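Trainee: Numbering (full-length UniProt numbering), first residue to last: 1 to 430.
My questions will all concern the structure given below.
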Amino acid sequence: MDVISMSFILPSAQCDLDLTTQTKGWLNSIIFIGMMVGAYAWGSVADSLGRKRVLIAISIINGIAIIRGIRSRDLVVLRGVPAKEEARSHVELHGRLLDSRQPVRRRPGLGIGVTTPYFVYNSWRIFLLVMAMPSFVVAGLLFLLPESPKFLISSGRHEEALEVFRGIYLMNTGRSKEEYPVKQVLVDESYHSKPEKQIEANKEPKSKMRRMLSDIVEHSKQLFVPPILKFTTISITINFTFHIGYYGLMMWFPEMFNRFDEWSRDHDNAEADICQVTAYVTKYGTHSESSACDAHINSDVFMESLITVAAAIPSNIFAVLGMDRLGRKFFLVFATFSAGTCSAAMYFVYNKTNNLIVSAIFSSVISCGNAATGVAVSMVAARLGGIIGNVVIAALLDSYCPAPTFIVAVLLASGGLMCLFLPNTTRQAL
């Protein structure tokens with residue numbers, strides 16, 4: 001929700017924050033910078049303190065940072081803080097549900113604002129305030145959940161892990177905890193956990209920090225030695241190229257819709273490609289130096305953005321149902337080539353309707369592939385792709401208009417070719 005919400009507020013916030021196309025690109029990118037930092041930082045802390053504690057902490061930090069950003073012009077810095085909350089995907093408690101999120105709460109806030117002598121609470125700030133609420137709700141609900149049994153076992157707290165399993169058994173079957181057939185947790189001590197005495201003997205902060213850093217380095221090194229090195233390289237390349245399109249181009253859809261809407265209003269629905277529209281908006285429209293800033297956004301722009309995001313829902317359902325039958329490799333290749341074709345087709349779009357159709361198809365097919373890459377070991381490369389994608393598109397959109405769509409198309413097609421070198425592990429023991 002945090003990732004997509006930023007792209008929706010930028011057209012409305014451009015006057016208040018004096019945003020140019022380049023600064024919009026950096027605002028989109030700062031979330032992914034926070035993700036890259038948080039992936040290791042919060043994941044490492046979770047290995048030491050537990051998944052539940054870390055998830056509660058980052059959810060609260062996320063909400064506070066969003067609320068603080070509402071009243072601050074330093075929105076870039078503060079949006080980087082809640083971005084670290086996305087590292088929750090690395091602590092194994094959240095499923096891959098992000099692809100089908102729909103920011104439906106934004107529509108009631110259109111045109112709503114409250115003015116005080118000290119501050120103007122307009123629609124985009126109210127929208128951010130609403131987006132902060134789920135973080136606090138999540139933090140509260142997490143108190144009702146037990147700690148991860150895997151963490152408890154790895155920490156030597158076997159009896160606590162067994163109690164969690166009994167609770168799961170009670171919820172799933174409705175039977176008494178005493179009927180749970182497992183009476184003792186047996187693990188490979190040399191690999192999965194440490195004896196409880198050793199855990200007690202090694203609670204010094206310094207030794208714990210050293211062990212944590214040592215584990216991070218050791219696990220990272222294993223990815224870059226044969227025979228895993230080949231697949232690590234392929235995975236990094238695929239994630240990088242794929243997410244330049246997914247997080248790069250998709251974050252600019254609301255801005256593109258807004259520009260097409262401005263052209264249509266000023267030219268009586270005359271047809272024009274994206275480069276003609278961009279040239280008009282930057283020279284004579286709301287993005288020109290001589291024009292007074294206009295923060296008014298037609299409600300149709302948000303409806304079109306909603307349709308584009310919602311278009312990912314059917315493809316995600318299809319991917320979930322067909323993943324074991326068709327295989328992850330099929331979805332990756334299909335998604336990358338199809339999304340690349342849609343990206344190139346955006347250059348040939350001449351009206352709002354065609355733009356909506358192509359954007360919705362792009363969102364649908366690329367989200368389908370994203371569901372197949374969600375557990376890849378190279379998510380840092382994916383975040384880097386999101387950063388570079390947003391910055392490059394922002395730098396080229398106004399000056400070299402055809403370049404962004406064709407660059408994304410080529411990168412996605414290249415990623416699709418790389419997918420062909422991946423082994424098909426569907427229905428195979430790993």
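Every residue, glycine too, gets a C-beta built ideally from N, C-alpha and C.
These numbers were taken from a predicted model, which means no experiment stands behind them.
If you draw a straight line from the C-alpha of P144 to the C-alpha of S5, how long is it?
Mentor: With the sequence shown as reference, residue 144 is identified as Leu, and Pro is not the correct amino acid for it. About 28 Å.
Trainee: Can you tell me whether K183 is helix, strand or coil according to DSSP?
Mentor: K183 falls in the coil class under three-state DSSP.
Trainee: Tell me whether S176 is buried or exposed, calling it buried when 16 or more other Cβ atoms sit within 10 Å of its Cβ.
Mentor: With fewer than 16 Cβ atoms within 10 Å of its Cβ, S176 is classed as exposed.
Trainee: Would the segment 239-258 count as touching the segment 387-407 if we require 3 or more Cβ pairs under 8 Å?
Mentor: Verdict: yes, contact present.
Trainee: My understanding is that C342 touches V365, with C-beta atoms under 8 Å, so please give their C-beta distance in whole angstroms.
Mentor: That belief holds up - the Cβ atoms of C342 and V365 are roughly 7 Å apart, short of 8 Å.
Trainee: Check P149 in the structure and name its three-state DSSP category.
Mentor: It is helical.
Trainee: Would you identify the three-state DSSP class for R175, choosing helix, strand or coil?
Mentor: Coil.
Trainee: Alpha carbon to alpha carbon, how far is L128 from V349? Give it in angstroms, no decimals.
Mentor: Between V349 and L128, the C-alpha separation is close to 32 Å.
Trainee: Between the alpha carbons of D324 and F318, how many angstroms are there, rounded?
Mentor: The straight-line gap from Cα to Cα measures roughly 11 Å.
Trainee: Give the DSSP-derived three-state secondary structure of Y347 in the structure shown.
Mentor: Residue state, collapsed to three classes: helix.
Trainee: Taking 8 Å as the threshold, find out whether the segment 224-236 comes into contact with the segment 389-397 through three or more Cβ pairs.
Mentor: The segment 224-236, when compared against the segment 389-397, does not touch it at the 8 Å Cβ threshold.
Trainee: Between L27 and I33, what straight-line distance do the alpha-carbon atoms span, to the nearest angstrom?
Mentor: Each residue's alpha carbon lies about 10 Å from the other.
Trainee: Starting from N390, trace the alpha helix (DSSP H) both ways and give me its first and last residue.
Mentor: First-last of the alpha helix (DSSP H) with N390: M379 to L397.
Trainee: For N269, which of helix, strand or coil comes out of DSSP?
Mentor: In this structure, N269 counts as coil in the three-state DSSP scheme.
Trainee: Let me know if M133 comes out buried or exposed under the rule of 16 or more other beta-carbons within 10 Å of its beta-carbon.
Mentor: The residue in question, M133, is exposed, as its Cβ has fewer than 16 Cβ neighbours within 10 Å.
Trainee: May I have the straight-line CA-CA distance separating S7 from A13, to the nearest angstrom?
Mentor: Looking at the two C-alpha atoms, the distance is approximately 10 Å.
Trainee: Looking at L397 and T21, is the spacing between their C-beta atoms short of 7 Å?
Mentor: Yes, these two residues count as a Cβ contact at 7 Å.
Trainee: Using 10 angstroms around the beta-carbon of I9, count the other beta-carbons present and answer buried if the total reaches 16, otherwise exposed.
Mentor: I9 is buried by the Cβ-count criterion.
Trainee: Could you compute how far the alpha carbon of A379 sits from the alpha carbon of V187?
Mentor: Note on identity: in this sequence residue 379 is Met, with Ala being the wrong assignment. Rounded to whole angstroms, M379 to V187 spans 30 Å at the Cα level.
Trainee: I need the DSSP call for E289, collapsed to helix, strand or coil.
Mentor: Reduced to three states, the DSSP call for E289 is coil.
Trainee: Any idea what DSSP makes of A409, helix, strand or coil?
Mentor: Note: A409 maps to helix in three-state DSSP.
Trainee: Buried or exposed: which applies to P423, given that a residue is buried once 16 or more other Cβ atoms fall within 10 Å of its Cβ?
Mentor: P423 is exposed by the Cβ-count criterion.
Trainee: In three-state terms, what does DSSP make of P108?
Mentor: Legend: pLDDT at P108 = 37, less than 50; position of this residue unreliable, value from coordinates given subsequently. In the structure shown, P108 sits in a helix (DSSP, three-state: H, G or I).
Trainee: Whole angstroms are fine: how far does the CA of V182 sit from the CA of H158?
Mentor: Each residue's alpha carbon lies about 12 Å from the other.
Trainee: Output the residue ranges of the alpha helix (DSSP H) runs that lie fully inside the segment 16-51 and measure 4 residues or longer, sorted by chain position.
Mentor: Correct list: 21-49.
Trainee: Less than 8 Å between the CB atoms is what I'm expecting for C419 and L332, so what's the real figure, rounded?
Mentor: Sure, about 4 Å apart at Cβ, within 8 Å.
Trainee: Out of curiosity, what's the CA-to-CA distance linking K352 and F260?
Mentor: If you take the alpha carbons of K352 and F260, they lie about 6 Å apart.
Trainee: Using a 10 Å radius around the Cβ and a threshold of 16 neighbouring Cβ atoms, would you call G245 buried or exposed?
Mentor: When all chains shown are included, G245 counts as buried.
Trainee: Can you tell me which of H267, N239, G69 and A312 puts its alpha carbon nearest to the alpha carbon of residue 438?
Mentor: The requested residue 438 is not part of the displayed model; the chain covers only 1 to 430.
Trainee: State the DSSP-derived secondary structure class of S155, mapped to helix, strand or coil.
Mentor: Here S155 sits in coil by DSSP.
Trainee: Give me the Cα-Cα distance between G25 and E255, rounded to the nearest whole angstrom.
Mentor: Distance between the alpha carbons of G25 and E255 is about 11 Å.
Trainee: Enumerate in chain order the residues of its own chain whose CB-to-CB distance from F421 is below 7 Å, with the five nearest sequence positions on each side excluded.
Mentor: Answer for F421: I234, listed in chain order.
Trainee: Just to confirm, is the Cβ distance from R383 to M35 under 7 Å?
Mentor: Closer than 7 Å, so yes.
Trainee: May I ask which residues mark the beginning and end of the alpha helix (DSSP H) holding Y280?
Mentor: Its alpha helix (DSSP H) spans residues I274 to K283.
Trainee: Would you mind reading off the limits of the alpha helix (DSSP H) that contains L144?
Mentor: Careful: L144 lies outside any alpha helix (DSSP H) and carries neither H nor E.
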